[in-house]
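To start, the structure itself, in structure tokens.
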Amino acid sequence: MIIRDEQPADIPAIRALITDAFKDVSHSNQTEAAIVDGLRRGGMLALPLVASNGEALLGHVAFSPVTIGGQELGWFGLGPLAVRPDMQRRGIGQALVRAGLDRLKTAGAKGCVLLGAPGYYGRFGFAADPQLWLADVPQEYFLVLGFGGPLPAGEVRYHAAFDAGEA
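Per our numbering, residue 449 is the first one in the sequence shown, and the count goes up by one each step.
Here you go:
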């Protein structure tokens, strides 16, 4: 398996992979593929990575800039993260997250946020912090990972693509 940047030729397979990965997830509203498409169209898909095994795509992760208190402070949102259903629980998602976080740190990002399961994302150092919040989301599922320096405070906002999957 290799982790690499997504390529334009990957886009149809990425869309299918994301749709398939979330089709049976009870908390999903089935807009994850549309979110990634909207981020891409809006030029806000800052770090899209795929895991592949030869020609087959096994997983995809998206990182996009977020604002905190209405300001761009060098922070990014992780998500969606998708792994082909038949390849889940094999470390593919973990490899995508680690590679993405390493790339963000190398590029000088200040931190990363996500909406997700604390038990899964805690292994990467993500934790809830009351200084940063996402409107209408229980605090325990909005997770933060600073890359050094003081943690900013304020409401986090994702790109408009996350609002029903439209840019």
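Even for Gly, the Cβ is constructed at its ideal location relative to N, Cα and C.
Buried or exposed (CB count within 10 angstroms, at least 16 for buried), residue i
{"i": "TRP554", "result": "Here residue 554 turns out to be Thr, not Trp, going by the sequence shown. Flag for THR554 reads exposed."}
{"i": "ARG452", "result": "exposed"}
{"i": "PHE488", "result": "According to the sequence displayed, residue 488 carries Arg and not Phe. With 16 or more Cβ atoms within 10 Å of its Cβ, ARG488 is classed as buried."}
{"i": "SER622", "result": "With the chain running from 449 to 615 in the structure shown, residue 622 is simply not present."}
{"i": "GLU588", "result": "exposed"}
{"i": "GLY525", "result": "buried"}
{"i": "ALA504", "result": "exposed"}
{"i": "ALA499", "result": "buried"}
CA-to-CA distance, residue j to residue i, given in whole angstroms
{"i": "LEU621", "j": "GLY527", "result": "In this structure the chain extends from 449 to 615, so residue 621 is not present and cannot be described."}
{"i": "LEU580", "j": "LEU521", "result": "13 Å"}
{"i": "GLY502", "j": "VAL561", "result": "31 Å"}
{"i": "GLY573", "j": "LEU593", "result": "6 Å"}
{"i": "PRO566", "j": "GLY556", "result": "25 Å"}
{"i": "PHE470", "j": "ASP577", "result": "27 Å"}
{"i": "GLN536", "j": "ALA543", "result": "12 Å"}
{"i": "GLY401", "j": "MET449", "result": "A query on residue 401 cannot be resolved here, the shown segment of the chain reaching from 449 to 615 and no further."}
{"i": "GLY602", "j": "THR515", "result": "9 Å"}
{"i": "PRO456", "j": "LEU599", "result": "35 Å"}
{"i": "VAL585", "j": "GLY570", "result": "18 Å"}
{"i": "VAL473", "j": "GLN519", "result": "33 Å"}
{"i": "ALA461", "j": "HIS607", "result": "23 Å"}
{"i": "GLY490", "j": "TYR568", "result": "29 Å"}
Anticipated Cβ contact below 8 Å, residue i with residue j, distance rounded
{"i": "ARG551", "j": "LEU495", "result": "6 Å"}
{"i": "VAL531", "j": "LEU506", "result": "7 Å"}
{"i": "ALA575", "j": "LEU591", "result": "6 Å"}
Close Cβ partners of residue i (< 8 Å) along its chain, the five nearest in sequence each way excluded
{"i": "GLY597", "result": "LYS558"}
{"i": "GLY517", "result": "PRO600, ALA601, GLY602 and GLU603"}
Contacting residues, own chain, Cβ-Cβ under 7 Å from residue i (five flanking each side not counted)
{"i": "ALA481", "result": "ARG463, ILE466 and THR467"}
{"i": "PRO533", "result": "ASP468 and ALA469"}
{"i": "ALA583", "result": "GLU603"}
Other residues of its chain near residue i: CB distance less than 6 Å, five sequence neighbours each side excluded
{"i": "PHE511", "result": "ALA494, LEU495, PHE524, LEU526 and GLY548"}
is_contact[residue i, chain D] using C-beta, thresh 7 Å
{"i": "MET492", "result": "The chain inventory of the structure shown lacks chain D, comprising one protein chain alone."}
Original post:
Fully enclosed by the segment 529-570, which alpha helix (DSSP H) runs are 4 residues long or longer?
Top reply: 540-554 and 566-569
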